[in-house]
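Here is the structure we will look at, set down as structure tokens.
Spelled out as structure tokens, the structure:
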């Protein structure tokens, strides 16, 4: 089994890459700027999601983990629409390759704090993260409306995701926002990546959104 990590030089993508290498997976790093991984022994592939030859980047892969964030800058502005655009593109493209599974680095804003009420819609949600959260919500809607055969899992982190080592066991939830006993929703990027790769190994949640927090 060969795994492609799309966005492998980003904050979460690079942690996924590090942990996947430690687990001994066969890997390909799919990035916009291959020079960032120059000098490594990795299979590094330049990818242009709008390019005519995009399918060739996925030709020999079995699984894709997508860690494309909405903070990419285009023409001096944050390109949040990259997120739903990429979701739609991959769901349309990957069924025509040998890729059978897609795991998606999602967001917390679409988690429900009550029936039909998303976290991003609450007054307490930070304004500076709202556009990115809404874009991830659009991506989730695209996944949930998908009727094809590609096996996908959308993995939402806790409301707080931060640098740091493993802090022990994490919990796996679904669409509902949850917190620890102190009312905090948090996860280190190390444990989030570990949870993502554990899901890759187990395949327990096909065609579902899951959430990860302590």
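In the numbering used here, the protein residues as written are 341 to 554. C-beta atoms are modelled at their ideal positions from N, C-alpha and C, and glycine is treated no differently. Please read all numbers here as calculations on a predicted model, not as lab measurements.
Beta-bridge partners of residue i, as assigned by DSSP
| i | result |
| --- | --- |
| residue 403 | 343 and 441 |
| residue 369 | 345 and 384 |
| residue 496 | 551 |
| residue 501 | 527 |
| residue 294 | Nothing in the structure corresponds to residue 294, since the chain is present only between 341 and 554. |
| residue 363 | Paired residue(s): none; residue 363 is not in a bridge. |
| residue 491 | 441 |
| residue 534 | Per DSSP, none; premise fails for residue 534. |
Beta-carbon proximity check, residue i vs residue j, cutoff 7 Å
| i | j | result |
| --- | --- | --- |
| residue 371 | residue 407 | no |
| residue 501 | residue 460 | no |
| residue 465 | residue 549 | no |
| residue 506 | residue 477 | no |
| residue 440 | residue 491 | yes |
| residue 499 | residue 420 | no |
Distance between residue j and residue i (C-alpha atoms, nearest Å)
| i | j | result |
| --- | --- | --- |
| residue 454 | residue 516 | 8 Å |
| residue 387 | residue 426 | 12 Å |
| residue 430 | residue 524 | 33 Å |
| residue 396 | residue 367 | 15 Å |
| residue 343 | residue 365 | 7 Å |
| residue 381 | residue 521 | 44 Å |
| residue 504 | residue 422 | 27 Å |
| residue 361 | residue 341 | 13 Å |
| residue 509 | residue 535 | 10 Å |
| residue 356 | residue 376 | 16 Å |
Residue i, buried or exposed, once every other Cβ within 10 Å from all chains shown has been counted against 16
| i | result |
| --- | --- |
| residue 436 | exposed |
| residue 350 | buried |
| residue 363 | exposed |
| residue 379 | exposed |
8 Å contact criterion, which residue i and residue j should meet: CB distance rounded
| i | j | result |
| --- | --- | --- |
| residue 512 | residue 552 | 6 Å |
| residue 554 | residue 352 | In fact, because the Cβ distance is near 17 Å, the residues do not count as touching under 8 Å. |
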